[in-house]
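Peer 1:
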Amino acid sequence: MVTLYRLYVLIAISPLVLVGCVITWVVYNTSPDLTWVPALLFSIPIIVIAGFVLYWVGRYFQSISYQLTNDEVIVERGVWWRMKHTVPFGRIMSVDVIQGPVSRMLGIATVDVYTAGYTGVRGGAGGPVSRRAEASIMHVPNFGEVRESVLSMVRGRPLFAARAGDPSAEILAELRKIRELLEK
1 MVTLYRLYVL IAISPLVLVG CVITWVVYNT SPDLTWVPAL LFSIPIIVIA
51 GFVLYWVGRY FQSISYQLTN DEVIVERGVW WRMKHTVPFG RIMSVDVIQG
101 PVSRMLGIAT VDVYTAGYTG VRGGAGGPVS RRAEASIMHV PNFGEVRESV
151 LSMVRGRPLF AARAGDPSAE ILAELRKIRE LLEK
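Quick note, in the numbering used here, the sequence shown goes up one by one and the last residue is 184.
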C-alpha cells in the first residue's frame with residue numbers, strides 16, 4: 001500500500017515539477033538573475049506537500065487492521081480520525097474485489113464488504129459510483145483469500161439471522177401470536 005500511494009504522489013507531482021521547470025527555464029531565458037524566484041515558488045510547496053503525504057501514508061498504513069471473527073468483519077483505520085467498522089456476517093450481501101491498474105501491477109487489491117441497502121454518505125442519490133462499502137479491507141496482497149474467507153463465513157447463514165439471546169426473535173414470536181388472536 002505504501003508503494004501504491006508513493007506512486008500516486010509521484011504521478012501527481014510529475015506535472016507540477018514539469019510546469020515548474022518550464023517556467024524556471026522561461027524566466028532564466030528572459031531574466032537570468034531572477035531564476036531562483038520561480039524555482040523556489042514551485043519547489044518548496046511541492047517538497048513540503050510531498051513530504052507530508054509520504055509521512056501520512058506510512059502512518060495510515062500502520063493504522064489499518066482487519067479481523068474476521070466467528071460472527072463479524074471488523075475493520076479499523078485512521079491517523080487523526082479513527083474509524084471502526086463492524087459488519088455481522090448475517091448482514092453481508094456482497095463481497096467485491098477492487099483493483100486498479102497500478103494496484104494490479106503491485107499485486108494488491110481492496111476487498112469491499114456490502115450489506116443490504118447500505119449506500120454510504122450520499123444515500124444512494126449519486127448512483128452506483130458513489131456507493132460505498134460498509135467495510136473496506138484496503139490494499140491487501142492476499143485479497144482472494146480474504147474474499148473467500150468472508151464468503152465462506154457468510155455461506156450457509158440465514159440472511160439477517162437472529163443471534164442467540166436476541167430479543168427480536170421473541171418479539172416476532174409474540175407479534176405472531178397477537179396477530180393470530182386478532183384474526184380469530
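Beta carbons: idealized from backbone N, C-alpha and C, even for Gly. None of these values were measured; they are calculated from a predicted model.
On the three-state DSSP scale, how would you describe P141?
Peer 2: Note: P141 maps to coil in three-state DSSP.
Peer 1: P38 to P15, Cα distance in whole Å?
Peer 2: If you take the alpha carbons of P38 and P15, they lie about 15 Å apart.
Peer 1: With a floor of 3 residues, list each beta strand (DSSP E) that falls wholly inside the stretch 51 to 109, ordered by position along the chain.
Peer 2: 65 to 68, 72 to 77, 83 to 88 and 92 to 98
Peer 1: Measure the alpha-carbon distance for T3 versus V111 and round it to whole angstroms.
Peer 2: 18 Å
Peer 1: If you run the structure through DSSP and keep just helix, strand and coil, what is S149?
Peer 2: helix
Peer 1: Using DSSP with H/G/I as helix, E/B as strand and the rest coil, what is A116?
Peer 2: coil
Peer 1: Compute the beta-carbon to beta-carbon distance between F52 and G20, rounded to the nearest angstrom, for a pair I have assumed lies under 8 Å.
Peer 2: Going by Cβ atoms, the distance from F52 to G20 rounds to 18 Å, so no, they are not a contact pair.
Peer 1: Out of curiosity, what's the CA-to-CA distance linking M1 and Y66?
Peer 2: 15 Å
Peer 1: Between R176 and M93, what straight-line distance do the alpha-carbon atoms span, to the nearest angstrom?
Peer 2: About 27 Å.
Peer 1: Excluding the 5 residues flanking D96 on each side, which residues of the same chain have their C-beta closer than 6 Å to its C-beta?
Peer 2: D112
Peer 1: Along the chain, where does the alpha helix (DSSP H) containing L16 start, and where does it finish?
Peer 2: V2 to T30
Peer 1: Give a single yes or no on whether C21 has its beta carbon closer than 7 Å to a heavy atom of the ligand FAD.
Peer 2: For the ligand FAD, the structure offers nothing, since it holds no ligand at all.
Peer 1: Does the stretch 25 to 37 come close enough to the stretch 135 to 154 to have 3 or more Cβ pairs within less than 8 Å?
Peer 2: no
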